[in-house]
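Data block below; observations after.
Chains as they are written, first to last, in the numbering used here: chain A, 245 to 373; chain B, 421 to 698.
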C-alpha cells in the first residue's frame, strides 16, 4: 500500500473510534440524568400535547452545561444530548486536522466550511430564530 | 400519564422502531415522528426535536462499524456535507415558518416515498464510462471491499448530486429525520456510486446533517430532554440489536410488513395534515 492509503485507513479508524466514544459517553450521561429524573418524580403528570418551548437554561450550550453542573436531572439529560450533537462536530474537526496534516488544501477548505455551518448552528443560530 | 409510564412506553415504542428499521434497512427514524404525534399525541415540534437527536445517535453508532470496514467514502461524504448542512440550516429555519399541518403532509409523502425507494437500484453497466473530470479533480473515485477483493469505482454528475443533497438536507432539517432515502438517491442514482458505498456514506453523513439543524432546534426549545431521552435510548439500543440479529429467513416478510406500516403512517400523516389535525 502507498503511504497515503495507510494514512487514510488510520484516519478511518480514528473517526470510527471517535464516533463510538461520543455515542457511548452521551448515552452514559443521558442514562445518569434519566435515573435521577424518573427516580425523583416517577408519578408526576407529563403531557407534550401543547408546545411551550424549553426554559432558557435548556436552550443554549452554555446554559445546558451550567444547569447540568448544578445537579438538575433535566439539565444532565440535555447535556448528554448536547454531547451527542457534538459528536459529529468532533468528527469534522478530526477530519480537518487529518486533511491539514495530509496537505490536502482543497478538502481542508471543504471541511472547514462544514465546520463553520455546524458551529454557526450551535452557537449563532439564535440570531435567526 | 405519569413520568414512569410515559418514559417506559415511549422507550419501548422507539426500541421497536429502531429494531425494525435496522433489521429491514428502512431506517427507524422515519417512523418516530408519526409514532410520537399520532400514537402519543406529542406536539409536532417536540416530536421532530426528539427524532432529530435520535437520528444522530443511530447514524454515529452504525457509521462507526461501516467506516472501519472501508465502505464509506470520507471525501465524497465531506464534500456533499457542504450541501446537506446548508440545506439543513435552511430546513430548520423554515420549520418555524411553515404550519405543522403542512409539515405533516410533507412528512407523509416522504414516508410513502421512502417505503418504496429503498430497494430500487439502477442497472449495472458492464463497461464503465471514462472518469468524470470534475469528480477526478475532487478526488472522489475510490475503492471498496467486495467478495472478489477490492473493487474500484468512478463518480459522475457531481453538480446534480450536490443539488439533490441540498434538498435532502433541507428535508432533514424541516422534518427532523435523517432523509437517508434521498441521500442514497443522490449518490446511487445521480452520481452512480455503488449501492453499498452510497448507503454507508449516506449513513455517515446523516449525523453531520442532523447536527447542523440540531443547534437551531435547541435554541428554539424543540429539544425536550425528558422526551428525547427515552426516544434516543430506545432507538439506539433497538438499532444496535437490529444490526446484530440476523433473521435472514424472515427479513423479507418483515420488510414487507414494516413497509406497509410506514405507508399507513404516511397516509395518516397526510390525511390528518389536510384536515388540520396538527
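C-beta atoms are modelled at their ideal positions from N, C-alpha and C, and glycine is treated no differently.
Given residue 681/B, which residues of its chain have a CB within under 6 Å of its CB, disregarding the five upstream and five downstream residues?
The residue you call residue 681/B lines up with position 261 of the second chain. Contacts found: none.
Taking the beta carbon of residue 376/A as the centre, do at least 16 other beta carbons fall within 10 Å, making it buried, or is it exposed?
Summary: the structure shown does not reach residue 376/A, with chain A confined to residues 245 through 373, and so no result is reported for it.
Does residue 466/B have its Cβ less than 8 Å from a Cβ in chain A?
For the purposes of this step, residue 466/B is taken as residue 46 along the second chain, with counting starting at 1. Cβ-Cβ to chain A under 8 Å: yes for residue 466/B.
Cβ-based contacts, 9 Å cut-off: residues of the segment 314-333 of chain A near chain B
317, 318, 319, 320, 321, 322, 323, 324, 325, 326, 328, 329, 330, 331, 332 and 333
Quick one: using the 10 Å Cβ neighbour count with 16 as the cut-off for buried, is residue 518/B buried or exposed?
The residue you call residue 518/B lines up with position 98 of the second chain. When all chains shown are included, residue 518/B counts as exposed.
Tell me which residues share the same chain as residue 625/B and place their Cβ nearer than 7 Å to its Cβ, disregarding the 5 neighbours each side in the sequence.
As a working note, residue 625/B is residue 205 in the second chain. Residues 497, 500, 501, 504 and 603 of the same chain have their beta carbon placed closer than 7 Å to that of residue 625/B, with the five preceding and five following residues left out of the count.
Between the beta-carbon of residue 704/B and the beta-carbon of residue 358/A, is there less than 8 Å?
This structure leaves residue 704/B out entirely; chain B is present only between 421 and 698.
According to the Cβ coordinates, are residue 560/B and residue 495/B closer than 8 Å?
For the purposes of this step, residue 560/B is taken as residue 140 along the second chain, with counting starting at 1. For the purposes of this step, residue 495/B is taken as residue 75 along the second chain, with counting starting at 1. With respect to the 8 Å criterion, residue 560/B and residue 495/B are classified as neighbours on the basis of their beta carbons.
Terminal residues of the continuous alpha helix (DSSP H) containing residue 351/A?
Walking along the first chain from the start, residue 351/A turns up at place 107. Run containing residue 351/A: 349-363, per the alpha helix (DSSP H) assignment.
From the DSSP output, which residues share a beta bridge with residue 291/A?
Indexing the first chain from 1 puts residue 291/A at position 47. Among the bridge pairs identified by DSSP, residue 291/A is matched with none.
Residue of 515/B, 428/B and 421/B minimising C-alpha distance to residue 652/B
Counting from 1 along the second chain, the entry for residue 652/B is found at position 232. The shortest Cα separation from residue 652/B among 515/B, 428/B and 421/B belongs to 428/B.
Below 8 Å between beta carbons is the criterion; list the residues of the segment 645-662 of chain B that meet it against any residue of chain A, in chain order.
Across the segment 645-662 of chain B, CB contacts with chain A closer than 8 Å involve 645, 646, 647, 648, 649, 650, 652, 653 and 656, in sequence order along the chain.
Close beta carbons around residue 270/A, own chain, < 6 Å, minus the five adjacent residues each side
Counting from one through the first chain, the residue named residue 270/A turns up at place 26. 324, 327 and 328, listed in sequence order.
Taking contact to mean at least 3 C-beta pairs separated by less than 8 Å, is the segment 603-614 of chain B in contact with the segment 424-441 of chain B?
no
Could you tell me whether the Cβ of residue 683/B comes closer than 8 Å to any Cβ of chain A?
Looking up residue 683/B in the second chain gives position 263. Interface annotation, residue 683/B: not in contact with chain A, CB-CB separation never under 8 Å.
Cα separation between residue 469/B and residue 347/A?
Indexing the second chain from 1 puts residue 469/B at position 49. Indexing the first chain from 1 puts residue 347/A at position 103. Residue 469/B and residue 347/A: Cα-Cα distance of roughly 38 Å.
Taking a cut of 7 Å between CB atoms, which residues from the segment 279-299 of chain A lie near chain B?
281, 282, 285, 286, 287, 288, 289, 290, 292, 293, 294, 295, 297 and 298
Closer than 9 Å by beta-carbon distance: list the chain B residues that pair up with residue 374/A, in chain order.
Outside the displayed range of chain A (245 to 373) lies residue 374/A, so it cannot be described from this structure.
Out of curiosity, what's the CA-to-CA distance linking residue 645/B and residue 471/B?
The sequence position of residue 645/B within the second chain is 225, counting from 1. The sequence position of residue 471/B within the second chain is 51, counting from 1. Roughly 12 Å between the two C-alpha positions.
For a test of the three-state rule: what should DSSP assign to residue 573/B, helix, strand or coil?
The residue labelled residue 573/B in the question sits at position 153 within the second chain. The answer is strand: DSSP assigns residue 573/B an E or B state.
Expected contact under 8 Å - CB spacing of residue 282/A and residue 423/B to nearest Å:
Numbered from 1 along the first chain, position 38 holds the residue referred to as residue 282/A. Numbered from 1 along the second chain, position 3 holds the residue referred to as residue 423/B. About 6 Å separates the two Cβ atoms, so the contact holds.
CB contact check: residue 256/A to chain B, cutoff 8 Å
Taking the first residue of the first chain as position 1, residue 256/A is located at position 12. Yes, because at least one Cβ of chain B sits closer than 8 Å to the Cβ of residue 256/A.
Taking only the alpha-carbon atoms, compute the straight-line gap between residue 309/A and residue 445/B and give it to the nearest angstrom.
The residue you call residue 309/A lines up with position 65 of the first chain. The residue you call residue 445/B lines up with position 25 of the second chain. Each residue's alpha carbon lies about 36 Å from the other.
Buried or exposed: residue 431/B, going by 16 or more other Cβ atoms within 10 Å of its Cβ?
To locate residue 431/B, count along the second chain from 1; it is residue 11. Buried is the call here.
Could you pull the DSSP bridge partners for residue 367/A from this structure?
Residue mapping note: residue 367/A aligns to position 123 of the first chain, counting from 1. DSSP lists no partner for residue 367/A.
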